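> I am attaching a structure below and will ask some questions about it afterwards.
Numbering (our numbering), first residue to last: 5 to 135.
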C-alpha cells in the first residue's frame, strides 16, 4: 500500500503540473488524499514492528509528535510557498521528498526480504546438533 500511495502522490503532482483549472485542482486534491491516507495507514500499521512492548507508549507518542508537527509545518507553510514561489514551485518541492520516501521504503523492503529469506533458509537446513 505504501507504493500505491506514492503512485497516487506522483499522479497528484503530474496533474498539478498539467493545468490550473478547477478539474486539475480537484483531481490533484483527490489523489493527494488517497495517497496520503494509503501511506499514513500503512506506516501506522508498520510502526509496532519497530519497538519492544516496553517502548510502546514512548515510541507511539514520539511518532505522533513528529508526524503532526510535520503536518502542521507543511500546512502552515504551504500558503507562504504558493504566495512567494508559486504553485509549480510547491509541486517541485514535493518531488524530492517523495523520492526520498520511495528510496527509504525500497531499502526497508529489501532488508525485510533479506531477513525473511535468511530465516527461511535456516529453518530448511537440517539441524546437525541433534544427531
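For glycine and all other residues, C-beta sits at the position ideal for the given N, C-alpha and C. It should be emphasised that the depicted structure is a prediction, and the values quoted were computed from it without experimental measurement.
1. Would you call the segment 69 to 82 and the segment 16 to 27 touching, i.e. three or more CB-CB distances under 8 angstroms?
2. In three-state DSSP terms, what is residue 25?
3. Taking the C-alpha atoms as reference points, what is the distance between residue 56 and residue 62?
4. Shorter than 7 angstroms from the beta carbon of residue 56 to some beta carbon of chain C?
5. Given a threshold of 16 other Cβ atoms within 10 Å of its Cβ, counted over all protein chains shown, does residue 135 qualify as buried or as exposed?
6. Please work out which residues of its chain come closer than 6 angstroms, Cβ to Cβ, to residue 9, disregarding the five sequence neighbours upstream and downstream, and give them in chain order.
7. Mind pulling the beta strand (DSSP E) runs of 3 or more residues that sit fully within the segment 6 to 89?
8. Where does residue 6 land, buried or exposed, given buried means 16+ other C-beta within 10 angstroms?
9. Beta-carbon separation of residue 144 and residue 32 under 7 angstroms?
10. In whole angstroms, give me the CA-to-CA distance for residue 94 and residue 78.
11. Would you mind stating whether residue 51 and residue 67 have Cβ atoms separated by less than 7 angstroms?
Put simply:
1. no
2. Against the chain shown, residue 25 aligns to sequence position 21. In this structure, residue 25 counts as coil in the three-state DSSP scheme.
3. For the purposes of this step, residue 56 is taken as the residue at position 52 of the chain shown. For the purposes of this step, residue 62 is taken as the residue at position 58 of the chain shown. For residue 56 and residue 62, the distance between alpha carbons rounds to 11 angstroms.
4. This model lacks chain C altogether, as it is built from one protein chain only.
5. By 1-based counting over the chain shown, the position of residue 135 is 131. For residue 135, the pLDDT reaches just 49, beneath the cut-off of 50, and the residue's location in the model is therefore unreliable, although a value from the coordinates is still provided. The residue is exposed, with fewer than 16 neighbouring Cβ atoms inside 10 Å.
6. Locating residue 9 in the chain shown gives position 5, counting from the first residue. If we look at residue 9 and ignore the five residues flanking it on each side, its Cβ neighbours are 39, 42 and 43.
7. none
8. Indexing the chain shown from 1 puts residue 6 at position 2. Counting Cβ neighbours within 10 Å, residue 6 comes out buried, since at least 16 surround it.
9. Only positions 5 to 135 of the chain appear in this structure, which leaves residue 144 out of reach.
10. Taking the chain shown and counting its residues from 1, the one referred to as residue 94 is at position 90. Taking the chain shown and counting its residues from 1, the one referred to as residue 78 is at position 74. The alpha-carbon atoms of residue 94 and residue 78 are separated by roughly 11 angstroms.
11. Residue 51 sits at position 47 when you count from the first residue of the chain shown. Residue 67 sits at position 63 when you count from the first residue of the chain shown. In this structure, residue 67 lies closer than 7 angstroms to residue 51 by Cβ.
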